[in-house]
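Following: one structure in structure tokens, then a few remarks.
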Amino acid sequence: MFQVSQNEVLIGQQSLPIAARVDVLVCGGGVAGIAAAVAAARNGAKTLLIERAGFLGGTATGSAMGLIVIPASELVGFPREFFTRLAREQGAGLGDVVPWDIEAYKLTALEIVLEAGADVLLYTWVSEPLVRDGRIEGVVIDNKSGRRAVLAKIVIDATGDADVAARAGVPFVKGREEDGAMRPATVMGRIGNIDLRRFKDYIDRHPEDVSRDDGRRVVDLEHGIVRIDGFFSVVEKAKRMGLLDPAAPVNYLRFSGVNAKEHTDRAVLICNSTRVYDVDGTNAADVTRAEVEGRRQLRAIVRVCRELLPGFENSFLVDTSAYLGIRETRRIRGRHRLTYDDLASGRRFEDSVAVMTSVDYGTAEIHGPDHGHEGSVADEWARKLSLKLMRFEFPLGCMVTDEVANLVVAGRCASMTHEVDKFARNMAPIGLQGQAAGTFAAIAAGREWNRPPIETTRARLERDGVPVSLPPGEAHRNIEKRSARPGAAKVT
């Protein structure tokens, strides 16, 4: 229990100064947190965004996952606004996929949040939530200024791991429901000095060795956009030669990036190929082990690229991701848990706050927890499937709970099943979750929690470019094939 006075919060015998009093506090400055802070501030709420790093972006920057996997034409709402702006600043490519420059993303994210009127506090950790009588009233933070309290009418947990919600007592599940196994972790690396023309020529001559999916075989030299999965035979050869440990859980290579046309002969690509299994991203020992193992895998992968991939002969490792790439940890038990049946049936929700677009993975396991399956001969997703797109409604009930009032959870830790996670955890859906959370929080701040302003929230979101309902009669699956914008070249 705690007590609040004019200038301090008393927790037992500990007295903490109050650093800020706000309407909306956003914990976590990743994709969801950025969108939430911007939306809350634009809707008139006094907003503070707290981030543990010295930059924003989370997975998009710190974990170096610099890619949205749906076409730019499918982006709506805040994600569309953000990446249109980033592209104008030559920091993103708008094509069949949307890759970006990580450093450009960091600055643009800070600028757009500050321009919206939100405050930002970097290098700051959330220590614990302040919960009283089933209601969250703020959090305790730690940074170079010491241990302090931030009070808020609404708290948005955008930590990715549901750190605030879990510590506040919200029920959650981890990983796959039947066994708790979680998707593998990844250490990303940026590889520089790549000759993209030689790389593309090799791919053109070996089309059987890359993914069949249009969205995972993009090498657009005119616009500098790359997203390519495959090189199965290269990995197999590397294991036979001893360049790669035969037991390593690496079965294929994945590259993405955006480069200016004049840099085609010395491009930088992100390598997303390391896989570390049995990692709980909320366990300090596990993430430490994963960092070590992931870096060792990446060192070997860079060696393989230099030895066996044309265009990589003079390449080198530029840097590695500041954060371990964690795909799955906690998911809260919200008022509604989104299931695959909801998606497959095209279910409508009265409290839907976004129509989300995803690659239609169907029932295929994507980045599954099972050792060695991903990219293997048995992995039809990686090797054989050509995937279309699907749309689905996402309800507010996945982001709020009955256990703790005034708390909104946005991101991959929202209430959904492991099977749905592969659709809703990607960055375009996550950005829409954040925008919906921030909009709702700004409207709900100071109101009765048990009477959420759903219709007002939906109307604001539609005003701001977010469709909230599937059109009547629209098929939810295989809506359209991927189609490149004019001039965007695919590998064929």
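The sequence shown lines up with residues 10 to 501 when you count with my numbering.
Ideal Cβ positions, reconstructed from N, Cα and C, are used throughout, including at glycine.
Keep in mind that this is a model prediction, so the values were computed, not measured.
Is residue i buried or exposed, if buried means 16 or more other CB atoms sit within 10 Å of its CB?
i, result
"Phe64", "buried"
"Arg249", "exposed"
"Ala276", "buried"
"Ala294", "exposed"
"Ala387", "exposed"
"Ala174", "buried"
"Gly251", "exposed"
"Asp274", "exposed"
"Ala269", "exposed"
"Thr329", "buried"
"Thr410", "buried"
"Asp350", "exposed"
"Gln22", "exposed"
"Ser220", "buried"
"Pro438", "buried"
"Pro255", "exposed"
"Arg392", "buried"
Would you mind giving the Cβ-Cβ distance between residue i and residue j, rounded to the nearest angstrom? I have them listed as a contact below 8 Å.
i, j, result
"Ala45", "Gly443", "4 Å"
"Asp105", "Val267", "Not confirmed; about 13 Å, so no contact."
"Val259", "Arg226", "In fact, because the Cβ distance is near 19 Å, the residues do not count as touching under 8 Å."
"Gly447", "Ile165", "7 Å"
"Gly474", "Val40", "Not confirmed; about 17 Å, so no contact."
"Ala113", "Leu95", "6 Å"
"Ser503", "Arg342", "Outside the shown range of the chain, which is 10 to 501, sits residue 503, and nothing can be said about it."
"Ile463", "Asp360", "5 Å"
"Ile77", "Val107", "4 Å"
"Ile203", "Gly320", "5 Å"
"Ala363", "Phe403", "5 Å"
"Tyr332", "Gly71", "4 Å"
Distance check for residue j and residue i, CA to CA, integer angstroms please.
i, j, result
"Val196", "Ala373", "24 Å"
"Val429", "Ala29", "37 Å"
"Lys162", "Arg206", "54 Å"
"Arg421", "Met365", "14 Å"
"Val31", "Ala454", "10 Å"
"Val159", "Ile145", "11 Å"
"Leu1", "Gly42", "Because the chain in this structure spans residues 10 to 501, residue 1 falls outside the shown range and cannot be described."
"Trp390", "Val417", "34 Å"
"Glu383", "Asn292", "24 Å"
"Tyr370", "Val18", "48 Å"
"Asp170", "Arg61", "13 Å"
"Val35", "Gly147", "10 Å"
"Ala299", "Thr168", "20 Å"
"Thr426", "Asn323", "44 Å"
"Arg456", "Gly143", "16 Å"
"Pro216", "Thr348", "36 Å"
"Glu6", "Ile121", "Past the edges of the chain, shown from 10 to 501, lies residue 6, and the structure says nothing about it."
"Val13", "Pro138", "14 Å"
"Ile375", "Val368", "11 Å"
"Leu253", "Arg315", "13 Å"
"Ser354", "Val311", "44 Å"
"Ser82", "His232", "16 Å"
"Ile20", "Arg156", "12 Å"
"Ala451", "Trp458", "13 Å"
"Ser9", "Lys55", "Because the chain spans 10 through 501 in this model, residue 9 falls outside it and cannot be assessed."
"Arg97", "Phe91", "10 Å"
"Ala419", "Arg214", "44 Å"
Nearest to residue i by CA position, among the options, is which residue?
i, options, result
"Asp188", "Lys431, Glu471, Gly377, Val159", "Gly377"
"Val33", "Ile59, Asn16, Leu25", "Ile59"
"Arg336", "Val475, Leu123, Glu83, Met436", "Met436"
"Arg141", "Glu464, Asn459, Val477, Asn415", "Asn415"
"Ala115", "Gly67, Gly86, Pro138, Gly147", "Reading off the sequence shown, one finds Lys at residue 115, where the question assumed Ala. Of Gly67, Gly86, Pro138, Gly147, the residue nearest in Cα terms is Gly67."
"Leu326", "Ala309, Ala468, Cys407, Gln99", "Ala309"
"Leu119", "Pro80, Ala49, Gly38", "Gly38"
"Ser385", "Met408, Phe240, Phe208", "Phe240"
"Gly303", "Glu322, Pro319, Cys280", "Cys280"
"Tyr211", "Thr56, Pro108, Met74, Leu317", "Leu317"
"Val235", "Tyr332, Arg176, Gly102, Gly201", "Gly102"
"Val288", "Ala269, Gly334, Val313, Phe401", "Gly334"
"Thr465", "Gln23, Ile20, Asn52", "Asn52"
"Pro461", "Leu405, Arg356, Arg469, Arg192", "Leu405"
"Gly198", "Arg469, Leu262, Glu83, Ala419", "Leu262"
"Ala50", "Leu396, Gly71, Ser265, Glu124", "Glu124"
"Met399", "Ala433, Leu253, Cys407, Ala423", "Ala433"
"Val129", "Pro193, Leu57, Ile200, Ala81", "Leu57"
"Ser242", "Leu307, Ala73, Val313, Ala331", "Val313"
"Ala257", "Gly224, Arg357, Leu307, His272", "Leu307"
"Phe208", "Pro193, Ala190, Leu230, Gly224", "Leu230"
With a threshold of 9 Å between beta-carbons, can residue i be considered close to chain B, or not?
i, result
"Leu405", "Protein chains in the displayed structure number just one, and chain B is not present."
Legend entry - the stretch 169–185 / the stretch 337–344 touching (three or more Cβ pairs under 8 Å): yes
Legend entry - the stretch 82–89 in contact with the stretch 464–478 per 3-pair CB rule at 8 Å: yes
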